[in-house]
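Working notes, beginning with the structure itself.
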Amino acid sequence: MSHDFDQLTQYAKSFTGLTAEYEELLQEIGPQIIPSLKTVTESFYSQLSSIPETKPFLEGRIDALRAMHTQWLEGLFINDFDTSYTESMYKVGDVHVKVKLPVEFMSGGMTLINSQLIPVVISLFGDSPDKCSKVLSAINAATGFSLLTMQQSYQESSLAEELEKFLKISGMSKVLFSNLASAYKD
Ligand code: HEM
Numbered sequence: 620m621s622h623d624f625d626q627l628t629q630y631a632k633s634f635t636g637l638t639a640e641y642e643e644l645l646q647e648i649g650p651q652i653i654p655s656l657k658t659v660t661e662s663f664y665s666q667l668s669s670i671p672e673t674k675p676f677l678e679g680r681i682d683a684l685r686a687m688h689t690q691w692l693e694g695l696f697i698n699d700f701d702t703s704y705t706e707s708m709y710k711v712g713d714v715h716v717k718v719k720l721p722v723e724f725m726s727g728g729m730t731l732i733n734s735q736l737i738p739v740v741i742s743l744f745g746d747s748p749d750k751c752s753k754v755l756s757a758i759n760a761a762t763g764f765s766l767l768t769m770q771q772s773y774q775e776s777s778l779a780e781e782l783e784k785f786l787k788i789s790g791m792s793k794v795l796f797s798n799l800a801s802a803y804k805d
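Our numbering applies: residue 620 is where the sequence shown begins, and numbers increase by one.
Here it is as structure tokens:
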């Protein structure tokens with residue numbers, strides 16, 4: 620399946636309110652916040668380890684996961700949220716689909732991450748309420764953007780599963796289905 624990552628980038632930005640001003644702010648505060656992100660990752664995995672449903676997915680790979688996760692988290696304050704970021708997050712989503720991680724782990728995980736970033740932001744910028752509030756909104760937009768683009772993989776894999784099921788039940792070949800689909804105009 621081919622993807623229009625440009626369109627997905629614009630769509631995700633419109634939904635999450637990730638503006639150019641927020642992207643600039645995230646990169647501006649990067650040097651201040653990045654040193655605290657290892658601790659955020661540590662608390663993320665210790666919280667995940669206490670949830671019975673997530674534990675089995677962590678066993679034997681927690682050190683590797685921590686390293687990948689910290690790198691992703693740091694990227695929020697370094698990278699541009701452009702087409703190539705969207706494509707990379709789509710691929711990260713696909714890795715989760717392939718290891719059969721339930722879809723709610725994505726939104727649950729991002730909620731934990733946001734909650735752990737809040738006290739870090741307050742400790743850094745709490746003496747300036749206006750800046751603090753802008754930084755919190757910018758982070759919320761960036762994590763929301765990452766969540767939306769990761770979850771797109773889940774959506775497409777569930778459509779592909781439905782199609783496989785339909786072909787199996789109907790006995791129709793994939794080639795016939797593709798020919799019919801390309802001839803169909805609504
Ligand atoms: C919601 C925020 C999350 C982010 C941003 C995230 C990020 C990542 C990244 C960047 C990778 C590496 C992908 C690659 O190989 O290129 C990865 C892989 C993985 N993540 Fe996540 N993740 C999240 C949530 C979770 C949760 C909640 C779990 C499990 C409880 C989880 C389990 C895994 C597993 C099992 C892999 C595959 C590791 C392997 O290849 O052995 N992730 N994740």
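Glycine included, every Cβ here is placed at the ideal spot set by N, Cα and C.
The model shown is predicted, which means the values in this text are computed figures rather than measured ones.
The distance from the Cβ of ILE732 to that of VAL659 is about 7 Å, consistent with a contact at the 8 Å cut-off. For MET729, the enclosing alpha helix (DSSP H) stretches over residues 723-744.
A distance of 7 Å or more separates the beta carbons of PHE764 and LEU684.
Between the region 716-728 and the region 644-659, the count of C-beta pairs closer than 8 Å stays below three; the two stretches do not touch.
Cβ-Cβ distances below 7 Å link LEU644 to LYS753, VAL754, ALA757 in the same chain, with the five nearest sequence neighbours on each side left out; the list follows chain order. Annotation: the continuous alpha helix (DSSP H) that includes GLY763 extends over 748-789. Sorting LEU767, LYS784, GLU642, PHE796 by C-alpha distance to the C-alpha of VAL711 places LEU767 at the top. In terms of side-chain proximity, the C-beta atom of THR673 is found nearer than 6 Å to a non-hydrogen atom of the ligand HEM. A distance of 7 Å or more separates the beta carbons of SER772 and VAL718. A straight-line Cα-Cα distance of about 28 Å links SER662 and LYS632. Residue environment for MET708: buried (at least 16 other C-beta atoms within 10 angstroms of its C-beta). In the structure shown, ILE670 adopts coil according to DSSP, grouped into three states. When the alpha-carbon of PRO738 is set against those of SER655, ALA639, GLN646, the nearest one is in SER655.
The criterion of a C-beta distance shorter than 7 Å is satisfied by PHE624 and THR702. By the Cβ neighbour-count rule, TYR803 is exposed, with fewer than 16 other Cβ atoms within 10 Å of its own.
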